[in-house]
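What follows is a set of notes on a single structure, which appears directly below.
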RNA sequence: GCACGGAUAGCUCAGUGGUAGAGCGGCUCGCUUACACCGAGUUGGUCGGGGGUUCGAAUCCCUCUCCGUGUACCA
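Residue numbers (the UniProt record's numbering): 1 to 909.
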């Protein structure tokens, strides 16, 4: 067996193993291996932005996917974790345009033109596109990189085109002049989902206007956007509003622009809420969705006073033209004030839609866009409602359902160049839609590209080589084996953008749901609970953390703090804790290794002999098992069961907590320490047997840990020689293919002679040790000292030795007739009374005080239980089980109290 | 406005009717031959407030407060 290094060096180990896994093609999925005995497990990565860099959200998300994938491999499944990146149309084009502008290459995208700019973006993509992929590799992601996809690959592009044409032919895609969300920064339309309503502090401006037909009548109007007055083409009042109804049909004089104070009509419209503002609404059909609708109903003129970049244009009048919209607002107020028509301005809070990407207020804008009536809504809604597809946590199902219920058509066209170009061509009055350009001269293609999500929604099958040709697709082994996928792991922030749409696409083109389970991660926040963001600078670079602590540590730290469905408070301490845990694991393995060199009986590293099957139990001799051995085997059983159950239910933090507790608190703190009684002794047979138990536990623990800590477990798996003698594909080559641990079943437990009560036996011993240690600490003893145990019943010598070692006692005398001198500190334990004889060094008063405190506690508990049991109201109504418990409690406290009283009496004598 | 989630020890969280828990931190000891990235001990809580149901409530019901998320055409 190769000797383990003294210190663990994660950087070297992680790089080495990742390369080895790649070289050995460990992550590559082969559909031909899928069979009834070897089911498929598949998961598609939420494709990160191709120009992005790894952030903590990616770490969380991809660690989870990796855990699921690795566990599935260990369960003997054929695993496909399909990776790739997203072209992220608007975001990527923005980044490249900005860079080019900074470099002084261009002032505007038109300086380059469409083709040249797209070329530049491709160059950018080729240069930066693999950064995030490399970062995922550093994290240990076990994706099948041979299948890496990009949403703008030729094959993928073909899928997008095919889908567009299909929907167009089905009549679900149409072009129309509508009010859309316009981003004045990116100069494109956005979908409703890309607009974030943001509460905004502003002002409500009240101004008055003169009724043309009744010059003495003035109406007061309240608005938040006075700069759009030049675009007003009516004012509206509610026809039921008695204050104004008689004015309907008359006109008011629009105050701006000054050079064109045109009369505009007063219309009656139910939309107007007469409780709000003044009950008089200025109607600007070009710049407000609701106003646009009013305009439609009353056939109003539409005056667009803004350039696409939200600078006021000539129609706004000479005073406002050329001003940015917020400057224009100030100027408009000034003008109204000069006119003497400003009444007042009041602070006002309203919701303003912000562009999700550009972070600027969007403008409702009338423009020609492409829209999609969503397909397969019914199936998509039902599949989740009926629980055929499961959401974790399931409350997202309601959110999903609600969105689908009130769903609006999707604006899918974008006025940028980086993206899938709309496959529609025009020639005069003719329109052609097809996957390639039409025959003949004079056709021009629609300049718009498609929303990035219009490609992402095909991800689960477009990445698997879908062609839309039924025959071809049914002969496609990848699709056949791995679609529908098993799990999807993503953030709830893209439940509408992506998840819901993928479900629709799955039904529409594959006639089947795209995944069976969706796990929604929480959002990573900083210690103060704020979202992580670049501008706050509170987002650590995962790569720095990996350098500092290792990828395993980062993974473990993040998973430990990520309860199901809850936001995560990130604290670097958790990563540090992950590193410490790896170190502990490393040292525990080293401890085992150091024992073998001193061992007498030759035992193979895994406690196995040549040609044995994988099961190591055969090497453990049941007759030689100590109570500690039985205890740790039972605790291991519990840990395996708990971790397995937690993973089934996507409770990753519970799984990590169990692993931590089992390995650190149970295995290292108790079992290893107790086993030293044997390992430092002279019974060679027992030593060998203890080592076999240790190997059994370690080999199981490493496997249990592997999905969480892939690197260090692999290193130790080989370092400890646990891989030796295993078939290549079952742990010989890599721990990632070793079988997922199973708890010992009833037969195996019987074989080892392990009974459930064995756990309590060992626990009593450990409790005794705890109490003894407590005595030592109370009296500030930090050296090896003599303890005396006055046992309740006879104890085997081995058990006494274990207690001695755990207590660090020198010696531990067992004396059933021990008569302590007055004032000897003592503790009542499950195994008897433990004394710490200090030969007159102790303070009788102090000991009396200590015992007195214990007694007071016992008395108060006794009182409580007695009172309860004396209460007829209680005893008559309570179930027998509870009554028994209380009865037992009563007896326990009575006994304890009696003994404490005795001790106190002895101290006072 | 509506819906959902959350509020338990200094911090992060378990705990869905029967003696309030864990990890981390804090404090006190200790370089005991795997590990100081460690070990031992110990300290922390009228379970957000108020009502109610019950023999018994962190847990069930009502109500309020605060935080978060989603959603809604109020200029």
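Ideal placement from N, C-alpha and C gives every residue a C-beta, glycine not left out.
Model, not experiment: these values are computed from the prediction.
Quick check on residue i: buried or exposed, where buried means 16 or more other Cβ atoms within 10 Å of its Cβ?
i           : result
residue 270 : exposed
residue 605 : Interpretation of residue 605 is limited by its pLDDT of 39, a score under 50 that renders its predicted location unreliable; the figure taken from the coordinates is listed afterwards. By the 10 Å Cβ count, residue 605 comes out buried.
residue 705 : buried
residue 592 : buried
residue 400 : buried
residue 700 : buried
residue 736 : buried
residue 395 : exposed
residue 911 : Outside the modelled stretch of the chain, which goes from 1 to 909, sits residue 911, for which no answer is possible.
residue 772 : buried
residue 331 : buried
residue 882 : exposed
residue 891 : exposed
Are the beta-carbon atoms of residue i and residue j separated by less than 8 Å?
i           : j           : result
residue 87  : residue 150 : yes
residue 754 : residue 634 : yes
residue 343 : residue 209 : no
residue 425 : residue 444 : yes
residue 835 : residue 787 : yes
residue 353 : residue 574 : no
residue 316 : residue 230 : yes
residue 639 : residue 798 : no
residue 764 : residue 831 : yes
residue 559 : residue 63  : yes
residue 27  : residue 174 : no
residue 479 : residue 487 : no
residue 347 : residue 203 : yes
Please work out which residues of its chain come closer than 8 Å, Cβ to Cβ, to residue i, disregarding the five sequence neighbours upstream and downstream, and give them in chain order.
i           : result
residue 582 : 8, 10, 550, 552, 553, 556, 709 and 712
residue 617 : Low confidence applies here, because residue 617 scores a pLDDT of 36, under 50, leaving its location unreliable and the question unanswered by this model.
Considering Cα atoms alone, identify which of the options is closest to residue i.
i           : options               : result
residue 622 : 764, 226 and 686      : 686
residue 81  : 95, 515 and 296       : 515
residue 267 : 257, 276, 259 and 280 : 280
residue 785 : 700, 792 and 812      : 812
residue 497 : 544, 412, 657 and 575 : 412
residue 823 : 889, 297, 452 and 837 : 837
residue 250 : 701, 588, 219 and 787 : 219
residue 390 : 669, 482 and 650      : 650
residue 189 : 652, 667, 449 and 803 : 449
residue 907 : 865, 844 and 894      : 844
residue 17  : 691, 825, 106 and 142 : 142
residue 695 : 707, 671, 682 and 756 : 671
residue 510 : 780, 465, 620 and 33  : 465
residue 311 : 350, 228, 263 and 367 : 228
residue 542 : 529, 528, 530 and 524 : 524
Grab me the residues of residue i's own chain with a C-beta within less than 7 Å of its C-beta, minus the 5 sequence neighbours each way, in chain order.
i           : result
residue 611 : Note that residue 611 scores a pLDDT of 31, beneath 50, so its modelled location is shaky and nothing firm can be said.
residue 283 : 232, 233, 234, 235, 236, 291, 294, 295 and 300
residue 806 : 673, 674 and 769
residue 374 : 407, 410 and 504
residue 815 : 788 and 790
residue 855 : 897, 900, 901 and 904
residue 759 : 631 and 634
residue 6   : none
residue 258 : 317, 319 and 335
The alpha helix (DSSP H) spanning residue i covers which residue range?
i           : result
residue 827 : It is not in any alpha helix (DSSP H) - residue 827 instead sits in the beta strand (DSSP E) that spans 826-829.
residue 159 : 154-169
residue 350 : That residue, residue 350, is in no alpha helix (DSSP H); its beta strand (DSSP E) goes 342-355.
residue 888 : 880-908
residue 179 : Here residue 179 belongs to no alpha helix (DSSP H); instead the beta strand (DSSP E) covers 173-183.
Taking 6 Å as the limit between beta carbons, can you name the residues of its chain near residue i, skipping five residues before and five after?
i           : result
residue 360 : 185
residue 820 : 835
residue 274 : 238 and 241
Taking the continuous beta strand (DSSP E) assigned at residue i, which residues delimit it?
i           : result
residue 814 : 809-814
residue 253 : 251-253
residue 188 : 188-190
Can residue i be considered in contact with the ligand HEM, in the sense that its beta carbon sits closer than 7 Å to one or more heavy atoms?
i           : result
residue 232 : The ligand HEM is absent from the structure shown, which contains no ligands of any kind.
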